[in-house]
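Q: Chains as they are written, first to last, in numbering that gives the first Met the number 0: chain A, 0 to 525; chain B, 0 to 205.
C-beta: ideal position from N, C-alpha, C; glycine also.
Please read these numbers as outputs of a predicted model, since none were measured by experiment.
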Amino acid sequence: MSSNQPLPTDATIVSIAPQDDDFEDSADVVEGSHQMIDCSITQAQPCITSKSAESNATNETAPMGLESDHGTTNLKDAQGECPSTAESLAAPDLKMPAAINTQSLSNSAPVLPRSESSDVVPAKKNKAAFKKRAAEFDKKQGRTLDAFAAPKGRPSEVDVVHNAGPQDLIIDSWEDVGAVASSTPSPMSSASMDVSGTSLAPIERRVYAKERLLELRSMCYEAGSAPNAALPSFIVEKSTSCDPRAGRRLGPGGATRSSGAGAGGGGSGGGRYGGSMDDPRRDQSLRHNGDGRARHRKPDHSTTDKWDRGQRVKQKESLNENWGPEPVEPLKTSVHRWDRKRKAADTLEVSISKVTSILNKMTPDNFEKLASQLCELEMTSSEMLRRVIGVLFDKAVDEPHFAVVYAALCARLAETTRVWPFIRSVKDENAGTWSWVADLDVDTTRLIPLDDFDSVEQFLDTPESAIPAEIGVGQLQLQPSDCFLKNDTLVSCYYAAQRPGVVRISTSVLQQHLLRSSIPGVCSTS
Amino acid sequence: MFAVRHDAKSTFGNEKTKLFGAFGTKEEAQQDAMKKASFKRLLLNQCQEEFERNVRSSGGAAALEAAAREAKEKAKEDVVEAIRLAAEQGVPPIETPDELELEVWVMKLKRRMLGNVKFIGELFKQQLLKEKIMHECVKLLLGSFDDPSTVPDDESIEAAAKLFLTIGKQLESPAASRAKLDTSNVAPHLTHQVGVSFNVTGIASD
Chain A
0 MSSNQPLPTD ATIVSIAPQD DDFEDSADVV EGSHQMIDCS ITQAQPCITS KSAESNATNE
60 TAPMGLESDH GTTNLKDAQG ECPSTAESLA APDLKMPAAI NTQSLSNSAP VLPRSESSDV
120 VPAKKNKAAF KKRAAEFDKK QGRTLDAFAA PKGRPSEVDV VHNAGPQDLI IDSWEDVGAV
180 ASSTPSPMSS ASMDVSGTSL APIERRVYAK ERLLELRSMC YEAGSAPNAA LPSFIVEKST
240 SCDPRAGRRL GPGGATRSSG AGAGGGGSGG GRYGGSMDDP RRDQSLRHNG DGRARHRKPD
300 HSTTDKWDRG QRVKQKESLN ENWGPEPVEP LKTSVHRWDR KRKAADTLEV SISKVTSILN
360 KMTPDNFEKL ASQLCELEMT SSEMLRRVIG VLFDKAVDEP HFAVVYAALC ARLAETTRVW
420 PFIRSVKDEN AGTWSWVADL DVDTTRLIPL DDFDSVEQFL DTPESAIPAE IGVGQLQLQP
480 SDCFLKNDTL VSCYYAAQRP GVVRISTSVL QQHLLRSSIP GVCSTS
Chain B
0 MFAVRHDAKS TFGNEKTKLF GAFGTKEEAQ QDAMKKASFK RLLLNQCQEE FERNVRSSGG
60 AAALEAAARE AKEKAKEDVV EAIRLAAEQG VPPIETPDEL ELEVWVMKLK RRMLGNVKFI
120 GELFKQQLLK EKIMHECVKL LLGSFDDPST VPDDESIEAA AKLFLTIGKQ LESPAASRAK
180 LDTSNVAPHL THQVGVSFNV TGIASD
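1) What residues match up with A:C482 in a beta bridge as DSSP calls it?
2) Residues of chain B with CB closer than 8 angstroms to the CB of A:W337, please, in chain order.
3) Classify A:H287 as buried or exposed, calling it buried when 16 or more other Cβ atoms lie within 10 Å of its own Cβ.
4) Kindly say whether B:R111, judged by its beta-carbon, lies nearer than 8 angstroms to any beta-carbon of chain A.
5) Rounded to whole angstroms, what's the CA-CA distance from A:Y207 to A:R216? Just pull it up for me.
6) Just to check, is the beta-carbon of B:A66 closer than 7 angstroms to a non-hydrogen atom of the ligand ATP?
7) Could you tell me whether the segment 431-445 of chain A touches the segment 14-28 of chain B, where touching means 3 or more Cβ pairs closer than 8 angstroms?
8) Determine which residues share a DSSP beta bridge with A:T432 and list them.
9) If the cut is a Cβ gap below 9 angstroms, which residues of chain A does B:A74 touch?
10) Is the separation between the beta-carbon of A:I351 and that of A:V390 shorter than 8 angstroms?
11) Quick one: which residues of the segment 96-128 of chain B get their C-beta closer than 7 angstroms to a C-beta of chain A? List them in chain order.
12) Quick check on B:I93: buried or exposed, where buried means 16 or more other Cβ atoms within 10 Å of its Cβ?
13) Determine, using beta carbons only, whether A:V390 comes closer than 8 angstroms to chain B.
14) How long is the line joining the alpha carbons of B:G89 and A:Q478, rounded to whole angstroms?
15) Just to make sure I have the definition right: I need the residues of chain A whose C-beta is within less than 8 angstroms of the C-beta of B:Q45. Which are they?
16) A:L358 touches chain B at which residues, Cβ-Cβ below 7 angstroms?
17) For chain B, check one thing: does any of its Cβ atoms lie closer than 8 angstroms to the Cβ of A:P399?
18) Can you tell me which of A:C409, A:A395, A:D393, A:E377 puts its alpha carbon nearest to the alpha carbon of A:W419?
19) Using DSSP with H/G/I as helix, E/B as strand and the rest coil, what is B:I132?
20) Give the secondary structure of A:L446 by DSSP, where H, G and I count as helix, E and B as strand, and everything else as coil.
21) Between A:T346 and B:K35, what straight-line distance do the alpha-carbon atoms span, to the nearest angstrom?
22) Suppose the cutoff is 6 angstroms on Cβ atoms and the five residues either side in sequence are ignored; what does the same chain contact list for B:F123 look like?
23) Hey, quick one: how far does the beta strand (DSSP E) through A:F543 stretch, first residue to last?
24) Just to confirm, are B:F50 and A:Y493 a CB contact at a threshold of 8 angstroms?
25) Whose C-beta lies closer than 8 angstroms to the C-beta of A:L455 among residues of the same chain, with five residues either side of it excluded?
26) Would you verify that the beta carbon of B:E63 is, or is not, closer than 8 angstroms to some beta carbon of chain A?
27) Classify A:A407 as helix, strand or coil using the three-state DSSP reduction.
28) Ordered along the chain, which non-local residues of its own chain (more than five positions away) have a Cβ less than 8 angstroms from that of A:Q372?
29) Along the beta strand (DSSP E) that carries B:G20, what are the first and last residues, could you check?
30) Excluding the 5 residues flanking A:T432 on each side, which residues of the same chain have their C-beta closer than 8 angstroms to its C-beta?
31) Buried or exposed for B:A67, going by 16 or more other Cβ atoms inside 10 Å?
32) For the alpha helix (DSSP H) containing A:R204, name the first residue and the last one.
33) Indicate whether at least one CB of chain B lies closer than 8 angstroms to the CB of A:I351.
34) Whose CA, out of A:T488, A:S380, A:D440, lies closest to the CA of B:S37?
35) Rounded to a whole number of angstroms, what is the C-alpha to C-alpha distance between A:V334 and A:Q457?
36) Measuring CB to CB, does B:L41 end up less than 8 angstroms from A:R386?
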């Protein structure tokens, strides 16, 4: 599991490790003394030191694997404390046999720190000592990480490079060479601005005070004059120079990218601006960008190492997601969208869809039920009949396996032969013969009340002027009846299905209709 | 009772609405209407139309492909027409499905043809069709038995096989007529055909 850890994460911690706040702040010690303390730690604490040595070696040759990570964390811990603390802490380790230490080291490459100390030790008597050491290690690590992650109180900045190796070069190249300036010890050496570095010596260090940098800003932007539009925004300047937190976070963030270049989201930023390093302003904007990213990563340092890794990977993904939100076209309402009202408006379509749904459900099991449903369907027009047959035929032809069922259905439908409602019998009064017609289109809004069939003949002979007043269809449920044809005049008769007792009421309805139609401006048809 | 008065000339002026027949009584007219506008008749008309189209388009793979091309062109024209109609109405056209390959059309046509044949057989089983019509169908598919030079194509043989598979039992009746004997006679020379002959001989000798 730990051997699968990604390279950039390891490298990140490796490069974090040298950034030692307390050490820098408390004593204005030159690089040499720093190294000396490292040496003293090395001697006093064989376990840790050997590990760190190994980690150094790993860094130089191939900076990957958890081992190097772990080792440098130890180193960092030791450096985080004062030298004497490191020595005192190292005391229990001295008691441990060197053989075990070496063995643990040799075996520990892919193992996490705690498991390493508990798993690898073979001798029981050493277990206690190891546990103790592990507890101390945890304690130290937690404390150090806490101190590292809570930077507000301390106006510190990190700009240290050691572990001479390829990584240093990468860090330098990313962080602007001037940052690694010669050591200029100042009591106010808090915010070491790599950005502002003017020294050309790459190995030495120069630390500027915050006030000095603020002065620099006022020099660049003269009071009263509007900032040059061509220059980067003021916010960028501020975030890098005035905000100690921003610069501080820059360390881990920048280091991540320097060491993890080419892998993951960190590498993408570095790669994009890689060619513009000679331009300090572009560099600043880039740095600002990096700050934004580093801010997201801040909580990582307060968690354990293992958790730290997982979270960082996760955040990298989220960063990638937020990297370029593509503009989305707003959704539009389609003209052909499914609309219940519009579908329901077309009675023919409704009937056809009903037939289709019945046919879709048709199986030998529920044949009886569905067939009777289909038989009860009212055919309102010849067009509908044709459509229904078309649907049925298409379905039968497309699904040969169900042809048996569909054929049985056809037989059932053919059995229940009847006169479709859309077929009207027509009597030609002149010849005295009967004919039939389908889909007779009648404007039923122009109804004329008649007594019975006998009066139809009389009605046919009535001249145009003597036609009684027309009425609207109202709420009458008309049942089509026969038609009569005489001398180019067609009279289509309708029954209004009414029970005898209701007749009187319906006549009153008719009277109302007549009244209403007499009002000018109101349509005479209902 | 209510009535509506029209001008008969304007009503029967168009092609759609016209008077059918002239019978002595109203019942006769209704009988005629029931017969002519019955479900069965309209359905069988459709089956016959489809079947005859298939028979016409049969004649080997080339004919089938030609029919498929025709169907494809028709589908394309339908799409164009739909787009034009939509433009006329001022609405964006409905998204049309991607154009199908010719092979797909061939497959569809063949499937549809076999499905139709099977459906006809099932209708015969339901006694919506008479046996005489089935014999006519077999004749149409396998060609004239009197003329051995006319060799039916693969698709027709396949369709006939399908038909026999469907209605074989019914044709087995004692009233099985000359057509069945003809079928048995034609079976030997069908064996010269490649591929489907096994199927056909198996069923035809049934």
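A: Working from what's here:
1) The sequence position of residue 482 of chain A within the first sequence is 483, counting from 1. Looking at the DSSP assignment, A:C482 forms a beta bridge with A:V425, A:S491.
2) Within the first sequence, numbered from 1, the residue matching residue 337 of chain A stands at position 338. The premise fails here: A:W337 is roughly 12 angstroms from chain B at the closest Cβ pair, so nothing lies under 8 angstroms.
3) One-based indexing of the first sequence puts residue 287 of chain A at position 288. Summary for A:H287: the model assigns pLDDT 48, below 50, so the residue's position carries little reliability; its value from the coordinates is reported in the next sentence. With 16 or more other Cβ atoms inside 10 Å of its own Cβ, A:H287 counts as buried.
4) Position 112 of the second sequence, counted from the start, is the residue given in the question as residue 111 of chain B. Yes, contact with chain A.
5) Here the question's residue 207 of chain A lines up with position 208 in the first sequence. Here the question's residue 216 of chain A lines up with position 217 in the first sequence. Near 13 angstroms, if we compare the C-alpha coordinates of A:R216 and A:Y207.
6) Although the ligand ATP was asked about, the structure shown includes no ligands whatsoever.
7) Three or more beta-carbon pairs separated by less than 8 angstroms link the segment 431-445 of chain A to the segment 14-28 of chain B, which places the two stretches in contact.
8) Here residue 432 of chain A refers to the residue found at position 433 when the first sequence is read from its first residue. Paired residues: A:D427.
9) The sequence position of residue 74 of chain B within the second sequence is 75, counting from 1. Those do not exist, as B:A74 stays about 15 angstroms from chain A at its closest Cβ, beyond 9 angstroms.
10) Working through the first sequence from its first residue, we reach residue 351 of chain A at position 352. Working through the first sequence from its first residue, we reach residue 390 of chain A at position 391. In this structure, A:V390 lies closer than 8 angstroms to A:I351 by Cβ.
11) R111, L113, G114, N115, K117, F118, E121, L122, K124, Q125, L127
12) Translated into the one-based positions of the second sequence, residue 93 of chain B becomes position 94. That one is exposed.
13) Start at 1 with the first residue of the first sequence, and residue 390 of chain A comes out as number 391. Output row for A:V390: interface = no.
14) Position 90 of the second sequence, counting from 1, holds the residue named residue 89 of chain B. Position 479 of the first sequence, counting from 1, holds the residue named residue 478 of chain A. The alpha-carbon atoms of B:G89 and A:Q478 are separated by roughly 39 angstroms.
15) Locating residue 45 of chain B in the second sequence gives position 46, where the first residue counts as 1. The contacting residues are I388, G389, F392.
16) If you number the first sequence from 1, residue 358 of chain A lands on position 359. Near A:L358 there are no residues of chain B at all, since even the closest Cβ is about 13 angstroms away, more than 7 angstroms.
17) In the first sequence, counting from the first residue as 1, residue 399 of chain A sits at position 400. Yes, its Cβ sits closer than 8 angstroms to a Cβ of chain B.
18) As a working note, residue 419 of chain A is residue 420 in the first sequence. Looking at the Cα atoms, A:E377 is the closest of the given residues.
19) Numbered from 1 along the second sequence, position 133 holds the residue referred to as residue 132 of chain B. Residue state, collapsed to three classes: helix.
20) As a first step, residue 446 of chain A must be located in the first sequence, where it is residue number 447. Three-state DSSP puts A:L446 in a strand.
21) Here the question's residue 346 of chain A lines up with position 347 in the first sequence. Here the question's residue 35 of chain B lines up with position 36 in the second sequence. Cα to Cα, the separation comes out at about 25 angstroms.
22) By one-based count along the second sequence, residue 123 of chain B stands at place 124. Its chain contains M133, I166 as the residues whose beta carbon lies nearer than 6 angstroms to that of B:F123, once the 5 sequence neighbours on both sides are disregarded; these appear in chain order.
23) Since the first and last residues shown for chain A are 0 and 525, residue 543 of chain A lies out of range.
24) Counted from its first residue, the second sequence places residue 50 of chain B at position 51. Counted from its first residue, the first sequence places residue 493 of chain A at position 494. The answer is no: Cβ separation not under 8 angstroms.
25) Within the first sequence, numbered from 1, the residue matching residue 455 of chain A stands at position 456. Correcting the residue identity first, residue 455 of chain A is Val in this sequence and not Leu. The residues are L449, F483, V490, C492.
26) The count along the second sequence starts at 1 and reaches residue 63 of chain B at position 64. This sequence places Leu at residue 63 of chain B; Glu is not what is there. For B:L63, the answer is no, since every Cβ of chain A falls outside 8 angstroms of its Cβ.
27) Within the first sequence, residue 407 of chain A is the residue found at index 408, counting from 1. A:A407: helix per DSSP, three-state reduction.
28) Along the first sequence, one-based indexing puts residue 372 of chain A at 373. Around A:Q372: I357.
29) Locating residue 20 of chain B in the second sequence gives position 21, where the first residue counts as 1. Counting along the chain, the beta strand (DSSP E) containing B:G20 begins and ends at 19-22.
30) Taking the first sequence and counting its residues from 1, one reaches residue 432 of chain A at position 433. Counting only Cβ-Cβ distances below 8 angstroms, and skipping sequence neighbours, we find K426.
31) For the purposes of this step, residue 67 of chain B is taken as residue 68 along the second sequence, with counting starting at 1. B:A67 comes out buried.
32) Stepping through the first sequence from its first residue, residue 204 of chain A is reached at position 205. DSSP places A:R204 in no alpha helix (DSSP H); its state is neither H nor E.
33) The residue given as residue 351 of chain A occupies position 352 in the first sequence. No, because no Cβ of chain B sits closer than 8 angstroms to the Cβ of A:I351.
34) The residue you call residue 37 of chain B lines up with position 38 of the second sequence. The candidate whose alpha carbon is nearest that of B:S37 is A:S380.
35) In the first sequence, counting from the first residue as 1, residue 334 of chain A sits at position 335. In the first sequence, counting from the first residue as 1, residue 457 of chain A sits at position 458. So the two alpha carbons sit approximately 54 angstroms from each other.
36) Against the second sequence, residue 41 of chain B aligns to sequence position 42. Against the first sequence, residue 386 of chain A aligns to sequence position 387. No; because the gap between Cβ atoms is not below 8 angstroms, this pair is not in contact.
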